[in-house]
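**Q**
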């Protein structure tokens with residue numbers, strides 16, 4: 002299949018809008034602080050929407066759609082519900098700490114404070130490993146959206162990757178965080194419109210509003226269970242801890258939304274908005290995926306369920322809108338990653354590598370160059386994904402495994418209760434997590450919870466245990482902890 006002319010116009014208008022916003026946002030960035038953290042002036046509702054959009058990609062329409070197709074309602078219970086719960090539950094903790102770090106230390110990157118909290122070595126280990134793996138992680142997301150668009154709209158993979166990647170490169174490089182945030186808003190609107198269209202058309206095809214509950218009587222009984230093996234209650238508990246680390250700042254781009262907030266109250270409101278959206282929006286999004294076995298039964302490859310459903314349900318013109326929403330889902334997450342990783346490169350890595358960059362007289366220009374180069378590298382990885390073969394998949398799996406071990410010292414370092422956990426605890430926990438993953442990678446586990454969570458559980462145990470052997474807290478760390486305890490003046 003190829004896109005009809007009307008659908009193509011809709012997609013082209015979406016891309017044109019992204020580019021125009023990026024160019025206009027160019028003038029909102031007068032310095033590096035504007036470019037990376039919006040000058041600390043990001044309204045709570047924009048920060049909340051951006052946090053939400055940046056927390057998922059086109060994988061929702063591929064991998065998550067496959068689970069919804071084969072296992073039913075449990076998809077909501079092990080992704081959207083725990084994500085929403087950890088965000089809302091932490092709304093007055095980590096968002097507040099990130100704002101206080103920007104206010105007192107003027108940070109623009111989530112990793113800047115690690116040099117004080119631990120030492121330079123810890124900061125550089127986390128910065129280098131995270132930035133390098135993000136090249137492959139973001140490249141894999143471009144490749145994934147290319148594959149999906151090829152199935153849905155007949156768009157050649159190379160074209161899909163180049164168009165989405167280059168458009169993102171333009172608006173992120175020009176606009177910085179303001180460009181990302183405003184395009185996130187547009188992408189959120191497009192995603193919601195696309196999801197509403199799919200929801201209404203599927204509901205109408207199945208007989209109207211009564212189908213919302215009626216489909217469960219027609220689907221296999223285990224599709225209506227809250228926990229459907231291997232996605233057990235234990236698995237949900239383990240992955241909830243990973244979400245706790247990731248969505249509160251372990252995924253650097255999500256920490257940036259809080260860092261960019263003007264006040265602690267605004268950051269907390271942004272978190273609550275993002276969490277509420279995770280509670281509600283996926284119910285709308287997943288309904289067509291849950292109903293897909295009734296409309297496109299017997300798929301050999303469940304990951305194509307959403308694409309096949311689009312072809313089955315959508316009329317001409319609407320396919321373009323939903324196709325744009327697929328682009329939006331991936332571009333929202335990748336652009337956020339690009340902007341934040343560029344901040345880490347500019348603020349944490351380059352000043353250590355080059356003395357000249359430590360005294361950079363034009364940090365805004367350096368920021369744009371870092372953004373351009375990093376985005377270009379991710380596009381090149383995506384275009385050559387076949388050459389990587391299993392290696393690309395391996396790198397992506399490594400990135401997933403590293404989220405826990407590398408996020409632990411980043412997040413736990415903010416909590417006063419872990420003030421005795423110093424550089425030794427941080428580095429040893431990261432190493433322990435990586436080694437555990439490497440050892441167990443080819444071991445078959447009967448429990449998916451254990452397979453997914455073991456590296457992070459080992460890392461957490463080592464981090465806490467290592468801190469028990471420390472009897473004193475360095476003055477700089479004690480001062481940092483005291484700063485984090487200070488509420489802002491009202």
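Residue numbers (this note's numbering): 2 to 491.
Beta carbons: idealized from backbone N, C-alpha and C, even for Gly.
In this text the structure is predicted, and so the values were computed from the model without any measurement.
(1) Since residue 41 and residue 103 should fall inside the 8 Å C-beta cutoff, what is the C-beta to C-beta distance between them, to a whole number of angstroms?
(2) Reducing DSSP to helix, strand and coil, say where residue 302 ends up.
(3) Give the straight-line distance between the Cα atoms of residue 292 and residue 109, rounded to the nearest whole angstrom.
(4) Would you call the CB atoms of residue 1 and residue 468 closer than 7 Å?
(5) Does the region 264 to 276 come within contact of the region 342 to 356, defined as at least 3 CB pairs closer than 8 Å?
(6) Just to confirm, are residue 83 and residue 259 a CB contact at a threshold of 7 Å?
(7) For residue 408, which residues from the same chain have a beta carbon less than 6 Å from its beta carbon, with the 5 sequence-adjacent residues on both sides left out?
(8) Between the Cα of residue 63 and the Cα atoms of 431, 482 and 290, which residue gives the shortest distance?
(9) Assign residue 442 to one of two classes, buried (16 or more other C-beta atoms within 10 Å of its C-beta) or exposed (fewer than that).
(10) Taking C-beta to C-beta, are residue 406 and residue 434 nearer than 7 Å?
(11) Would you tell me roughly how many angstroms separate the C-alpha atoms of residue 239 and residue 73, rounded to the nearest one?
(12) In terms of residue numbering, what span does the alpha helix (DSSP H) encompassing residue 46 cover?
(13) Check this for me: beta carbons of residue 274 and residue 49, under 7 Å apart or not?
(14) Within this structure, are the beta carbons of residue 309 and residue 297 separated by less than 7 Å?
(15) Which of the three DSSP states is assigned to residue 464 in this structure?
(16) Can you give me the C-alpha to C-alpha distance between residue 204 and residue 212, rounded to a whole angstrom?
(17) When the Cα atoms are used, what is the spatial distance from residue 475 to residue 423?
(18) DSSP state of residue 77, grouped into three classes?
(19) Since residue 35 contacts residue 195 with CB under 8 Å, what's their CB separation in whole angstroms?
(20) The alpha helix (DSSP H) with residue 160 in it runs from where to where?
(21) Suppose you measure from the CA of residue 219 to the CA of residue 225; what does that come to, to the nearest Å?
(22) Name the DSSP beta bridge partners of residue 229, please?
(23) Return the first residue and the last residue of the alpha helix (DSSP H) that residue 347 is part of.
(24) With distances taken between CB atoms, is the gap from residue 101 to residue 485 smaller than 7 Å?
(25) Would residue 188 and residue 329 be called neighbours here (beta carbons separated by less than 7 Å)?
(26) How many Å lie between residue 200 and residue 66 at the Cα?
(27) Residue 431 and residue 460 look like a contact to me (Cβ under 8 Å); what is the Cβ gap, rounded to whole Å?
(28) Can you check whether the CB of residue 347 is closer than 7 Å to the CB of residue 368?
(29) Are there 16 or more other CB atoms within 10 angstroms of the CB of residue 192, so buried, or fewer, so exposed?
(30) If you check the beta carbons only, do residue 276 and residue 97 fall under 7 Å apart?
(31) For residue 210, count neighbouring C-beta atoms within 10 Å of its own C-beta (all shown protein chains included) and say buried if the count is 16 or more, exposed if not.
(32) Under 8 Å, with one C-beta from each stretch per pair, do the region 226 to 237 and the region 313 to 320 reach the 3-pair mark?
(33) Should residue 472 be labelled buried (16 or more other beta-carbon atoms within 10 Å of its own) or exposed?
(34) Determine the DSSP secondary structure at residue 443, reduced to helix, strand or coil.
(35) Considering just the uninterrupted stretch of the alpha helix (DSSP H) at residue 353, what are its terminal residues?
(36) Please find out if some non-hydrogen atom of the ligand SAM comes closer than 6 Å to the beta-carbon of residue 176.
**A** Straight from the coordinates:
(1) Counting from 1 along the chain shown, the entry for residue 41 is found at position 40. Counting from 1 along the chain shown, the entry for residue 103 is found at position 102. The pair is a contact, with the Cβ atoms about 6 Å apart (cut-off 8 Å).
(2) Your numbering for residue 302 matches position 301 in the chain shown. DSSP places residue 302 in coil when its eight states are reduced to three.
(3) One-based indexing of the chain shown puts residue 292 at position 291. One-based indexing of the chain shown puts residue 109 at position 108. Using only the alpha carbons, I get a separation of about 44 Å.
(4) Any answer about residue 1 is impossible in this case: the structure gives the chain only from 2 up to 491.
(5) no
(6) Translated into the one-based positions of the chain shown, residue 83 becomes position 82. Translated into the one-based positions of the chain shown, residue 259 becomes position 258. Cβ atoms of residue 83 and residue 259: not closer than 7 Å.
(7) Residue numbering aside, residue 408 sits at position 407 when the chain shown is read from its first letter. Contacts found: 246 and 251.
(8) Mapped onto the chain shown, residue 63 falls at position 62. Answer by Cα proximity: 290.
(9) Along the chain shown, one-based indexing puts residue 442 at 441. Burial call: exposed.
(10) Within the chain shown, residue 406 is the residue found at index 405, counting from 1. Within the chain shown, residue 434 is the residue found at index 433, counting from 1. Result yes, Cβ atoms of residue 406 and residue 434 sit closer than 7 Å.
(11) Walking along the chain shown from the start, residue 239 turns up at place 238. Walking along the chain shown from the start, residue 73 turns up at place 72. Taking the straight line from one Cα to the other gives about 20 Å.
(12) To locate residue 46, count along the chain shown from 1; it is residue 45. That run of the alpha helix (DSSP H) goes 45 to 54.
(13) Here residue 274 refers to the residue found at position 273 when the chain shown is read from its first residue. Here residue 49 refers to the residue found at position 48 when the chain shown is read from its first residue. Against a cut-off of 7 Å, the Cβ pair of residue 49 and residue 274 comes out as a contact.
(14) Stepping through the chain shown from its first residue, residue 309 is reached at position 308. Stepping through the chain shown from its first residue, residue 297 is reached at position 296. Contact: yes.
(15) Taking the chain shown and counting its residues from 1, the one referred to as residue 464 is at position 463. Helix.
(16) In the chain shown, the residue the question calls residue 204 occupies position 203. In the chain shown, the residue the question calls residue 212 occupies position 211. Approximately 6 Å, taken between the alpha carbons.
(17) Taking the first residue of the chain shown as 1, we reach residue 475 at position 474. Taking the first residue of the chain shown as 1, we reach residue 423 at position 422. One C-alpha to the other measures close to 9 Å.
(18) Here residue 77 refers to the residue found at position 76 when the chain shown is read from its first residue. In this structure, residue 77 counts as helix in the three-state DSSP scheme.
(19) Within the chain shown, the letter at position 34 stands for residue 35. Within the chain shown, the letter at position 194 stands for residue 195. About 31 Å separates the two Cβ atoms, so there is no contact after all.
(20) Along the chain shown, read from residue 1 onward, the residue named residue 160 stands at position 159. Taken as a continuous stretch (DSSP letters only), the alpha helix (DSSP H) holding residue 160 covers 158 to 206.
(21) Reading the chain shown from its first residue, position 218 is the one you call residue 219. Reading the chain shown from its first residue, position 224 is the one you call residue 225. The alpha-carbon atoms of residue 219 and residue 225 are separated by roughly 10 Å.
(22) Here residue 229 refers to the residue found at position 228 when the chain shown is read from its first residue. According to DSSP, residue 229 bridges with 232.
(23) For the purposes of this step, residue 347 is taken as residue 346 along the chain shown, with counting starting at 1. Element bounds for residue 347: n/a, residue is neither H nor E.
(24) Residue numbering aside, residue 101 sits at position 100 when the chain shown is read from its first letter. Residue numbering aside, residue 485 sits at position 484 when the chain shown is read from its first letter. Yes, Cβ-Cβ distance for residue 101 and residue 485 is below 7 Å.
(25) To locate residue 188, count along the chain shown from 1; it is residue 187. To locate residue 329, count along the chain shown from 1; it is residue 328. Yes, they are a contact pair.
(26) Residue numbering aside, residue 200 sits at position 199 when the chain shown is read from its first letter. Residue numbering aside, residue 66 sits at position 65 when the chain shown is read from its first letter. Answer to the nearest angstrom: the Cα atoms are 14 Å apart.
(27) The residue given as residue 431 occupies position 430 in the chain shown. The residue given as residue 460 occupies position 459 in the chain shown. Going by Cβ atoms, the distance from residue 431 to residue 460 rounds to 7 Å, so yes, they are a contact pair.
(28) To locate residue 368, count along the chain shown from 1; it is residue 367. To locate residue 347, count along the chain shown from 1; it is residue 346. A contact, by the Cβ cut-off of 7 Å.
(29) Within the chain shown, the letter at position 191 stands for residue 192. That one is buried.
(30) Taking the first residue of the chain shown as 1, we reach residue 276 at position 275. Taking the first residue of the chain shown as 1, we reach residue 97 at position 96. Contact flag unset, no.
(31) Your numbering for residue 210 matches position 209 in the chain shown. Exposed, because fewer than 16 other Cβ atoms sit within 10 Å of the Cβ of residue 210.
(32) no
(33) Start at 1 with the first residue of the chain shown, and residue 472 comes out as number 471. The residue in question, residue 472, is exposed, as its Cβ has fewer than 16 Cβ neighbours within 10 Å.
(34) In the chain shown, counting from the first residue as 1, residue 443 sits at position 442. Three-state result, residue 443: coil.
(35) Working through the chain shown from its first residue, we reach residue 353 at position 352. Where residue 353 is concerned, the enclosing alpha helix (DSSP H) stretches over 351 to 354.
(36) Absence of the ligand SAM is noted for the structure shown, with no ligands found whatsoever.
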